[in-house]
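Q: So the number in my numbering is just where the residue sits in the sequence shown, counting from 1, plus 169.
Quick reminder that beta carbons are idealized off the backbone N, C-alpha and C, glycines included.
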Amino acid sequence: MTDIIIKSASHILTMDDAGTELAGVDIRIRGGVIAEIGHGLEGGELHHAEGCLVTPGLVNTHHHLYQSLTRAVPAAQDALLFGWLQTLYPIWSRFGPEEMFVSAQTGLAELALSGCTLSSDHLYLYPNGARLDDTIAAAAEIGMRFHPTRGAMSIGESDGGLPPDSLVERESAILEDCIRVVDAFHDPAEGSMCRVGIAPCSPFSVSRELMRDAALLARDKGVMLHTHLAENDEDIAYSLEKFGCRPGQYAEDLGWTGDDVWHAHCVKLDGQEIDLFAKTGTGVAHCPCSNCRLGSGIAPVRKMRDAGVKVGLGVDGSASNDSGNLVAEARQAMLLQRVSQGADAMSAREALRIATRGGAEVLGRPDCGQIAVGKRADIAIWDMSGIEAAGSWDMAAILLAGPMKTRDLFVEGRKIVSKGTLLSVDLPVLIEKQRKLALALAM
Ligand SMILES: [Zn+2]
């Protein structure tokens, strides 16, 4: 296989341990790995990056890709979390395998165009024959590194839960299918393109027993655990009333802390819970746009980072963002800390570090998230010659100015976006398929 050389990058944010920034150097990619960084590299296929910023590919740690079919649903536009869910559940109950596949491709395509090379997904409902397999097939076609999680809900309306009974599953069937998808698709190897996680939807949509059994199963299989935690005030009140404790305590009691666990949102973690997460290596998927959109609050990311908690970024599902642009999400993360903590609370560089290296750490991928020899060649090239960056004094402060779309994107050394165009899938055809499915759901 021919080497690939990214030539003469004007500025490189490596996101290595020392935070090294380089100017005017080349990057050699060989066999999906960064093989060499230096001046005057030759002997390979050249991809010129003069006038460009080069960063590691961005990492998305929380998404519900299926929701790209329910963006901007009028009745859910201004609802709080629980009301929002009750509006959307009946629509989602009409999904099937095709809806899952097309919506996943749409969400992943949008992420790729915004510089994302690795995404997790949290799929927790399986109506009408839909399977996790549908989203895995979608990601393979797009060419993105993918960490799908087998989500689940088991407490339906008749048991006092929020979702309609048609969207919940028996807990024994959930565990069986978790085993099936881990055995079929999980690849623990370095450079893996697919790692499966286990992810009951939230503490209020499954039983205490399933939370505990999911943790035991994940440890047995050597896979990661993921769920929603401490998202808003209603969430905390529910935990205190039903479980008699705060979410952090509930998680700890059931085996849901550790460096193989990451929780989405964590907007309402208190000081003790932040210390617990830091001490145990438990990760957080920070979803600033979704938190704003649903009025959930401002996650204490500054405090988490200062305490040593691993934090990554998530765009969250497209029913609560409703955009899936990951670099825009990083900008929002930076702005949101500033609005509560002051202008020096988070720099553009730190927010971009959270979006790259931070996400890779949360997902247990030390082989990704930085531009260094021996790391996987997941790289985004940002064209700084456009209108968004015209007049910028600091190319690396991309989150202050722009652009908000990548020019070129490499995943495992393979180019999947070139000159702002997705190479792997015909985007106009995909958009038309998605439009037709959304129209049918709206009828
Ligand atoms: Zn979510």
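Closer than 7 Å by C-beta to residue 207: which residues in its own chain qualify, once you throw out the five before and the five after it? Chain order, please.
A: Correct list, in chain order: 194 and 195.
Q: Would you decide whether residue 601 is buried or exposed? Buried here means 16 or more other CB atoms lie within 10 Å of its CB.
A: That one is exposed.
Q: Would you report the Cα separation of residue 528 and residue 412, rounded to the nearest angstrom?
A: Approximately 30 Å between the Cα atoms of the pair.
Q: Using only the alpha-carbon positions, how far apart do residue 228 and residue 608 sit?
A: Approximately 31 Å between the Cα atoms of the pair.
Q: Please classify residue 194: does DSSP put it in a helix, a strand, or coil?
A: Strand, per DSSP.
Q: Below 8 Å, is the gap between the Cβ of residue 459 and the nearest heavy atom of ligand 1?
A: Under cutoff, so the answer is yes.
Q: With respect to the alpha helix (DSSP H) encompassing residue 352, which residues constitute its N-terminal and C-terminal limits?
A: Start and end: 340-354.
Q: For residue 481, does the count of other Cβ atoms within 10 angstroms reach 16, so buried, or fall short, so exposed?
A: Buried: at least 16 other Cβ atoms inside 10 Å.
Q: For the putative contact between residue 175 and residue 218, defined by C-beta atoms under 8 Å, what is the C-beta separation to the nearest angstrom?
A: Right, the Cβ-Cβ distance comes to about 5 Å (below 8 Å), so this counts as a contact.
Q: How far does the alpha helix (DSSP H) with residue 620 in it extend, from its first residue to its last?
A: The first residue shown for the chain is 170 and the last is 612, placing residue 620 beyond what the model contains.
Q: Does the beta-carbon of residue 485, which I'm using as the reference point, lie nearer than 8 Å to any heavy atom of ligand 1?
A: Correct: residue 485 has its Cβ closer than 8 Å to ligand 1.
Q: DSSP on residue 572, reduced to helix/strand/coil?
A: In this structure, residue 572 counts as coil in the three-state DSSP scheme.
Q: Note down, one range per segment and in chain order, each alpha helix (DSSP H) of at least 4 residues found wholly within the stretch 487-513.
A: Counting whole runs of 4 or more residues, the stretch 487-513 contains the alpha helix (DSSP H) stretches 495-510.
Q: My assumption, with CB atoms under 8 Å, is that residue 295 sits in contact with residue 372. Please give the rounded CB distance.
A: Their Cβ separation, rounded to whole angstroms, is 20 Å, which puts residue 295 and residue 372 out of contact at 8 Å.
Q: Pick from 430, 321 and 567: whose alpha carbon is nearest that of residue 392?
A: Out of 430, 321 and 567, 430 has the C-alpha closest to the C-alpha of residue 392.
Q: Give a yes or no on whether the C-beta atoms belonging to residue 303 and residue 266 are separated by under 9 Å.
A: The answer is yes: Cβ separation under 9 Å.
Q: Assuming residue 379 and residue 574 form a contact by the criterion Cβ under 8 Å, report the distance between their Cβ atoms to the nearest whole angstrom.
A: That pair is no contact at about 40 Å.
Q: State the Cα-Cα distance for the pair residue 450 and residue 611, rounded to the nearest angstrom.
A: Those two C-alpha atoms are separated by around 43 Å.
Q: What is the residue span of the alpha helix (DSSP H) that residue 223 lies within?
A: Taken as a continuous stretch (DSSP letters only), residue 223 belongs to no alpha helix (DSSP H), being part of the beta strand (DSSP E) at 221-225.
Q: Rounded to the nearest angstrom, what separates residue 496 and residue 347 at their Cα positions?
A: Rounded to whole angstroms, residue 496 to residue 347 spans 32 Å at the Cα level.
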